[in-house]
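In the working numbering, each residue's number is its place in the sequence shown (first place is 1) plus 15. Think of the CB as a built atom: it goes at the ideal place given N, C-alpha and C, for glycine as much as any other residue. The structure appears right after this line, and notes come after that.
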Amino acid sequence: MLIKDKQSVIITLGFVVLILLLVVNIICEFNILDLSYLLFMIGCFIRYIYIKLH
């Protein structure tokens with residue numbers, strides 16, 4: 016499971032907070048750099064989940 020240990024919870028929470036901040040920033044003021052960074056962070060988060068589960 017993804018949230019077995021404390022380190023995984025902290026990293027997952029960090030990803031979620033960063034993604035939420037980027038989404039709010041894009042909603043308030045659209046910036047192509049923020050959009051590309053958001054897509055990159057979502058990709059990293061999906062990769063992290065994949066690695067933790069397999």
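Between the alpha carbons of residue 49 and residue 25 lies a distance of about 23 Å. In this structure, residue 52 keeps its C-beta atom at 8 Å or more from the C-beta atom of residue 35.
Here the alpha carbons of residue 42 and residue 23 stand approximately 29 Å from one another. Taking a contact as a CB-CB distance under 8 Å, the pair residue 33 and residue 56 counts as one, their CB atoms being some 6 Å apart.
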